[in-house]
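Let me begin by presenting the structure, written as structure tokens, before commenting on it.
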Amino acid sequence: MYEYYPTGTCSKKITFDVVDNKVTNVKFTYGCAGNLLGISQLIEGMEVDEVIDRLEGTPCGSKQTSCPDQLAKALKEYKQKNS
Numbered sequence: 001m002y003e004y005y006p007t008g009t010c011s012k013k014i015t016f017d018v019v020d021n022k023v024t025n026v027k028f029t030y031g032c033a034g035n036l037l038g039i040s041q042l043i044e045g046m047e048v049d050e051v052i053d054r055l056e057g058t059p060c061g062s063k064q065t066s067c068p069d070q071l072a073k074a075l076k077e078y079k080q081k082n083s
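Numbering follows the UniProt record's numbering, in which position 8 of the sequence shown is assigned residue number 8; successive positions increment by one, without gaps.
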């Protein structure tokens with residue numbers, strides 16, 4: 001289980017697993033519960049790079065980041081630490 005502490009968002013922690021280069025068990029602590037649960041379910045089993053490509057740079061209102069963008073950052077950090 002990988003833990004990431006996002007900045008600039010309502011969520012305070014993101015956890016996930018990567019199995020065979022696929023994202024699984026994504027959980028957000030705090031944030032917009034329904035939206036984040038939906039995102040977690042949509043990306044379940046998706047390749048790490050595909051999730052990064054789809055979510056990176058997603059803003060939240062006038063903010064330059066969002067929970068999906070922070071998940072992309074978390075996955076990039078995971079890749080860097082596990083390459």
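By construction, the Cβ of each residue, glycine as well, lies at the ideal position given by its N, Cα and C atoms.
Using alpha carbons as the reference points, say which of the options lies closest to residue i.
{"i": "Gln-70", "options": "Glu-47, Glu-44, Ile-39, Met-46", "result": "Ile-39"}
{"i": "Ser-62", "options": "Thr-9, Asp-49, Glu-3", "result": "Thr-9"}
{"i": "Lys-79", "options": "Thr-58, Ile-52, Pro-59, Ser-66", "result": "Ile-52"}
{"i": "Leu-75", "options": "Pro-59, Met-46, Tyr-30", "result": "Met-46"}
Grouping DSSP H, G and I as helix and E and B as strand, with all else coil, what is residue i?
{"i": "residue 87", "result": "Since the displayed the chain opens at 1 and closes at 83, residue 87 lies outside it and no answer follows."}
{"i": "Glu-47", "result": "strand"}
{"i": "Lys-12", "result": "coil"}
{"i": "Asp-20", "result": "coil"}
{"i": "Cys-32", "result": "coil"}
**Prompt:** Is the region 26-39 close to the region 8-18, with three or more CB pairs under 8 Å?
**Reply:** yes
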